[in-house]
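Contents: one structure, followed by commentary.
Residue numbers (this note's numbering): 260 to 1105.
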């Protein structure tokens, strides 16, 4: 920093620190009086936020009637505020506002309140940038999974509480009304739900799922694994002159202090056992000497210490010195002359506390909802330093990725009760970053970039323009069309955003995955695409033949055959026993990916006894959840191999569900029929036909989201290329007029053709009118899919396609016109139209 300022101003930057009356003299005599200095004054908000503060008093050395602070104001200093979210107090702002000159706010967290929110951003080093630019450690998350049967409150709404629990390895939900009984709590009455806690008549309290309390066995396993992780890297780092520290977050102070602190005692016991094992190995001589200093003269272990709120007032000198070492004497803490390297705390670590040499972070307790995963991980993300005080940067290691990540990685150890910990970390990193994810848009991203009001107006306009839609499940906005291309020439967006338009637009330009030449302005409902009138007559004939109203009819369903097939398929399965597991995952923020590096199984889980106590309830719940008739289900279960349920109830019921649905599907395919109405149409004419005639145009949004400015095929019904996917775009531009002996008279993307199936309605997207030399007509309905293999299509989607085949087969038979053949097929990537048509013609002997 000093070098930078000297190169810019030919003066070295001089720093003054205000802490008490003694430091005040230096401020008066130099910072205020010496106008030729390039200087900086460092002070806290408490130095100026009260009238009685020394800086708000007159001082005789100033030779004027103003206070020290008023003399500082006269200098018109540039102010830099660190941790701005902490400085929202009225008293501070009353005094700080008097400076009335340029100031910068620098921080990772900004307040949400309108008066203090992030604004006028000029520089951003966000989380993704920090990872990608080698400024922080890599993160590996280790999960220790132990089976539990705890009950959690999921949500409370309209006087109904939904509870989640695990029963024999199967995740369950149960809804309880206020004043109703809960069978899992011995029929205790739900009396109240308040502050994310459910209270019952037997004094039981159930908290939200984020909350949990580990039992002693779980804590012991986590401590043991944490010590193992520490020793896995300690000697390697020691040889490089880097001291490894480990940080533990624990539930209560009494777990480390007090008469019989379980966590402290257990740690000491486990550490001593592991240390004995390590000392038997062929160790580096200096490292062995380092380990031999683990005990003080009285034989007490001194490798661990705690920091807790209130410790500074402790009468115990040893505790006070330990706290001072952790909080204030970082250089001494990082010295190999100090044996302390395991630090314990509750979530009370002071704001901004971290240490660059934390390599292992272990969660032994649930954190408060106010503390994000990002903040937890942040305690150990800084790049480490060696015993010379040199930071081990990418540059320091000659830009060698392997060396850098071999040293700079943070192991995080959590219980499996921390559901999706690494996935949630990944989401928080994305959410808190300004690098744009081109698939979704977060409201807080826009609020930070612009401001709350402008962000709301912009979201409204983006939704109105059909560029985004709200995703309720993810609580964000799905991007429907590439934003950069859609708004770059749009006057309405320019007017709304004003001088912030380019700033907003450039974010999407840099990250745009758009390859489309022009995007539909969907806000304008008058956007139309013309229909080629010379093709309309032929397409009208096709459209009226395939667009028939239909009703599903089921015939001759053989229940016993389904039962026999389910039993046979289930009993052939191999379902292994469940085990307690351990897994290690790496979060690669540069690629925004999660890599599983190791999975271990530790012990088997025995469900046999508890399973048969609960089997009736499990079958009843399964019947209700999946809407299978109970009698039907019991007939199946009677002949199933029960050991598969003993091995893993969850996998067994899951497999049974899928097998039953699959066998029912195959049975329905052979039993389903369609009854067609001769004079009623399934889908409204309003999109294409008016008063019995084709319209001259159709609204663009009825056909797709994107527009390409190339010409469509000559026999394509519409004059423009409107599409939703790349395969659709390619199909529309294909100039196939003749296929073997058949002429394609017209083809079109269908605005809406909805076919009823047992799996909701299905909508194919293209239809072709072909005619051979003898005048025989083929109406070919096609479903285009952007997959390389048909097997890649989602299972439920494939099932709907199966029913669509049946629909068009039945429709063709119902037509009773020897001169017209209706056929259906799917078309995937790289599949030629001729092959697609010939395939289905061959199947139908047409």
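Ideal placement from N, C-alpha and C gives every residue a C-beta, glycine not left out.
Return the first residue and the last residue of the beta strand (DSSP E) that residue 668 is part of.
Along the chain shown, read from residue 1 onward, the residue named residue 668 stands at position 409. 668-674 is the span of the beta strand (DSSP E), which, as asked, contains residue 668.
Could you give the distance in angstroms between the alpha-carbon of residue 784 and the alpha-carbon of residue 807?
On the chain shown, residue 784 is found 525 positions in, with the first residue counted as 1. On the chain shown, residue 807 is found 548 positions in, with the first residue counted as 1. Unreliable placement is indicated for residue 784, whose pLDDT of 39 sits below 50; no coordinate value is reported for it.
Of the listed residues 651, 421 and 865, nearest to residue 907 (C-alpha basis)
What you label residue 907 is simply residue 648 of the chain shown in a count that begins at 1. Considering only alpha carbons, the answer is 865.
Per DSSP, the bridge partner or partners of residue 298:
Working through the chain shown from its first residue, we reach residue 298 at position 39. Beta-bridge pairing links residue 298 to 273.
State whether the segment 964-974 contacts the segment 1090-1103, with contact taken as three or more CB pairs (one from each stretch) at a distance under 8 Å.
no
Can you pull the DSSP bridge partners for residue 844?
Looking up residue 844 in the chain shown gives position 585. Answer is 400 and 855, bridged to residue 844.
Neighbourhood of residue 915 by C-beta, 7 Å cutoff - its chain only, sequence neighbours within 5 removed:
Working through the chain shown from its first residue, we reach residue 915 at position 656. 829, listed in sequence order.
According to DSSP, which residues form a beta bridge with residue 392?
Looking up residue 392 in the chain shown gives position 133. Answer by DSSP bridge pairing: none, since residue 392 is not bridged.
Check residue 788 in the structure and name its three-state DSSP category.
Position 529 of the chain shown, counted from the first residue, corresponds to residue 788. Here residue 788 sits in strand by DSSP.
Measure from the alpha carbon of residue 305 to the alpha carbon of each residue in 841, 278, 895 and 912, then state which is nearest.
In the chain shown, counting from the first residue as 1, residue 305 sits at position 46. Residue 305 has its Cα closest to that of 278, out of 841, 278, 895 and 912.
Counted within 10 angstroms of its Cβ, other Cβ atoms place residue 1094 as buried (16 or more) or exposed
For this step, residue 1094 is matched to residue 835 along the chain shown. Exposed.
Own chain partners of residue 752 with C-beta closer than 6 Å, once the 5 adjacent residues on each side are dropped
To locate residue 752, count along the chain shown from 1; it is residue 493. Answer for residue 752: 746, listed in chain order.
Would you give the residue range spanned by the beta strand (DSSP E) that residue 621 belongs to?
Residue numbering aside, residue 621 sits at position 362 when the chain shown is read from its first letter. Per DSSP, residue 621 belongs to the beta strand (DSSP E) from 617-622.
Would you mind reading off the limits of the beta strand (DSSP E) that contains residue 1116?
This structure leaves residue 1116 out entirely; the chain is present only between 260 and 1105.
DSSP three-state assignment for residue 772, whether helix, strand or coil
Residue numbering aside, residue 772 sits at position 513 when the chain shown is read from its first letter. Any answer about residue 772 is weak, because its pLDDT of 34 lies below 50 and its placement is not dependable; what the coordinates show is given next. Residue 772: coil per DSSP, three-state reduction.
Whether or not the segment 704-721 and the segment 754-763 are in contact is what I'm after, with contact meaning three or more pairs of Cβ atoms, one per stretch, closer than 8 Å; do they touch?
yes
In this structure, does DSSP put residue 933 in helix, strand or coil?
Here residue 933 refers to the residue found at position 674 when the chain shown is read from its first residue. In this structure, residue 933 counts as strand in the three-state DSSP scheme.
DSSP three-state label for residue 605, please.
Stepping through the chain shown from its first residue, residue 605 is reached at position 346. Reduced to three states, the DSSP call for residue 605 is coil.
Buried or exposed: which applies to residue 748, given that a residue is buried once 16 or more other Cβ atoms fall within 10 Å of its Cβ?
Counted from its first residue, the chain shown places residue 748 at position 489. Residue 748 should be labelled exposed.
Using alpha carbons as the reference points, say which of 313, 595, 674 and 591 lies closest to residue 623.
To locate residue 623, count along the chain shown from 1; it is residue 364. Nearest neighbour of residue 623 by Cα position, chosen from 313, 595, 674 and 591, turns out to be 674.
Uninterrupted beta strand (DSSP E) stretches inside the segment 723-763 (no shorter than 3 residues)
727-730 and 735-738
So the candidates are 860, 833 and 825; which of them puts its Cα closest to the Cα of residue 842?
Sequence index remark: in the chain shown, residue 842 carries index 583 (1-based). For residue 842, the closest alpha carbon among the candidates 860, 833 and 825 is that of 860.
Give me the residue from 472, 862 and 846 with the minimum Cα distance to residue 856.
Here residue 856 refers to the residue found at position 597 of the chain shown. The shortest C-alpha separation from residue 856 is found at 846.
Using DSSP with H/G/I as helix, E/B as strand and the rest coil, what is residue 861?
Start at 1 with the first residue of the chain shown, and residue 861 comes out as number 602. The answer is strand: DSSP assigns residue 861 an E or B state.
Cβ of residue 595 within 9 Å of Cβ of residue 502?
For the purposes of this step, residue 595 is taken as the residue at position 336 of the chain shown. For the purposes of this step, residue 502 is taken as the residue at position 243 of the chain shown. The answer is yes: Cβ separation under 9 Å.
Assuming residue 1042 is part of the beta strand (DSSP E), what are its boundary residues?
The residue given as residue 1042 occupies position 783 in the chain shown. It spans 1036-1044 - the beta strand (DSSP E) in which residue 1042 sits, taken as one unbroken run.
Could you compute how far the alpha carbon of residue 654 sits from the alpha carbon of residue 663?
Counting from 1 along the chain shown, the entry for residue 654 is found at position 395. Counting from 1 along the chain shown, the entry for residue 663 is found at position 404. Roughly 9 Å separates the two Cα atoms.
Could you tell me whether the segment 793-803 touches the segment 992-1005, using the rule of 3 or more Cβ pairs below 8 Å?
yes
Given a cut-off of 9 Å, decide if residue 947 and residue 1023 are closer than it, judged by their beta-carbon atoms.
Here residue 1023 refers to the residue found at position 764 of the chain shown. Here residue 947 refers to the residue found at position 688 of the chain shown. Against a cut-off of 9 Å, the Cβ pair of residue 947 and residue 1023 comes out as no contact.
Are there 16 or more other CB atoms within 10 angstroms of the CB of residue 872, so buried, or fewer, so exposed?
In the chain shown, the residue the question calls residue 872 occupies position 613. With fewer than 16 Cβ atoms within 10 Å of its Cβ, residue 872 is classed as exposed.
For residue 595, name the three-state secondary structure that DSSP assigns.
Walking along the chain shown from the start, residue 595 turns up at place 336. In this structure, residue 595 counts as coil in the three-state DSSP scheme.
Is it buried or exposed, residue 350, if we count other Cβ atoms within 10 angstroms and call 16 or more buried?
Taking the first residue of the chain shown as position 1, residue 350 is located at position 91. Exposed, since its Cβ has fewer than 16 Cβ neighbours within 10 Å.
Would the beta-carbon of residue 593 fall within 9 Å of that of residue 614?
Position 334 of the chain shown, counted from the first residue, corresponds to residue 593. Position 355 of the chain shown, counted from the first residue, corresponds to residue 614. Cβ distance < 9 Å, so residue 593 and residue 614 count as in contact.
How many whole angstroms separate the CB atoms of residue 844 and residue 681, which I take to be in contact at a CB cut-off of 8 Å?
Mapped onto the chain shown, residue 844 falls at position 585. Mapped onto the chain shown, residue 681 falls at position 422. That pair is a contact at about 5 Å.
Nearest residue (CA-CA) to residue 590, options 645, 564 and 545
Taking the chain shown and counting its residues from 1, the one referred to as residue 590 is at position 331. Checked all of 645, 564 and 545; the closest Cα to residue 590 is 645.
Looking only at its chain, what residues have a beta carbon closer than 7 Å to the beta carbon of residue 932, apart from the 5 residues adjacent to it on each side?
Counting from 1 along the chain shown, the entry for residue 932 is found at position 673. 812, 814 and 1069.
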